[in-house]
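The block underneath contains the structure these notes are about, expressed in structure tokens.
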Amino acid sequence: MPEQYEFNDEQNQAIGSLSHKMKVVSVFMIVIAILSIVGAIIPMFKGMSSLAQLGPDLVGSLVSLLIGVWGLNAARSFQEVVDTKGNDIDHMMDAVGNLNKLVGFAYWLLMIFIFVLLLGVFFGIVAGAMSPP
């Protein structure tokens with residue numbers, strides 16, 4: 071196997087700092103997602119809400135959970151860059167792959183949001199044009 075690039079101490083320090091911050095943010099996202107799921111389900115068991123009311127909370131919680139998990143996986147791969155010798159490029163590419171999942175997911179959520187927003191604007195304009203003066 072060919073020898074891989076090895077990051078220097080200064081680069082490892084920057085990558086390690088990024089990894090630490092990503093871990094903190096990702097764990098926070100995961101904890102908030104779990105608390106949100108529990109907080110949404112408890113009223114349903116008490117008969118205070120229905121499954122239909124639970125849907126939006128669960129969707130938002132699952133989005134947060136996915137972002138947190140992919141961010142945590144990327145953070146672990148970044149930390150592997152710092153902690154190991156001889157596999158920096160492989161670990162960096164694993165981190166980039168997980169970041170690509172996270173950002174790709176956010177990208178598609180944004181595209182859906184923009185589409186729904188434009189659809190709403192279009193139908194608002196059409197409805198306004200069709201209403202009597």
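So the sequence shown is numbered by the numbering used here: it starts at 71 and just counts up by one. No residue lacks a Cβ here, since even glycine has one placed at the ideal position from N, Cα and C.
Quick one: residues in its chain with C-beta nearer than 6 angstroms to the C-beta of residue i, no 5 flanking neighbours on either side, listed in chain order?
i           : result
residue 91  : none
residue 119 : 113
residue 164 : 147
residue 89  : 145, 148 and 149
Can you name, in chain order, every residue of its own chain whose Cβ lies under 8 angstroms from the Cβ of residue i, other than the five neighbours on each side?
i           : result
residue 160 : 74
residue 156 : 73, 74 and 76
residue 82  : 151 and 152
residue 171 : 140
Using a threshold of 7 angstroms, state whether the C-beta atoms of residue i and residue j are closer than that.
i           : j           : result
residue 96  : residue 130 : no
residue 151 : residue 162 : yes
residue 93  : residue 145 : yes
residue 102 : residue 134 : yes
Using the beta-carbon count (16 or more within 10 Å), is residue i buried or exposed?
i           : result
residue 132 : exposed
In the structure shown, what three-state DSSP assignment does residue i receive?
i           : result
residue 156 : coil
residue 171 : helix
residue 75  : coil
residue 113 : helix
residue 96  : helix
residue 120 : coil
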